[in-house]
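Contents: one structure, followed by commentary.
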Amino acid sequence: MADQNEEIAADRVLSVAEGVEIKQRIAAQRSLKRWRWMGNYGDPFQAAAVANEDPPCLSGEVMFTVNGNLVPAWMFY
């Protein structure tokens with residue numbers, strides 16, 4: 040599998056469905072939790088929706104910033 044940073048283009052806004060699919064696919068292939076770049080979203084609610092999907096990120100396991108119309112997100116899973 041390619042490095043996940045190659046899978047998520049830094050200038051692309053992901054939908055919740057795309058983010059969930061990427062998160063579940065990566066989590067199924069890895070047993071060690073670590074911080075992962077999870078792409079840009081259109082608003083904080085979309086990033087939170089992805090963080091809450093299986094495997095859910097717990098308290099302190101998601102970071103995002105609001106940068107204009109982009110919400111870059113990192114998740115620990």
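Per our numbering, residue 40 is the first one in the sequence shown, and the count goes up by one each step. Glycine included, every Cβ here is placed at the ideal spot set by N, Cα and C.
Residue environment: residue 105 is assigned as exposed (fewer than 16 neighbouring CB atoms within 10 Å of its CB, all protein chains considered).
Residue burial is scored here from C-beta neighbours: residue 103 has at least 16 other C-beta atoms within 10 angstroms and is therefore classed as buried.
For residue 96 against residue 116, the beta-carbon gap comes to about 6 Å, under 8 Å, which counts as contact. Separation of residue 94 and residue 48 (C-alpha to C-alpha, rounded to the nearest whole angstrom) is 22 Å. The beta-bridge partner set that DSSP reports for residue 80 consists of 110.
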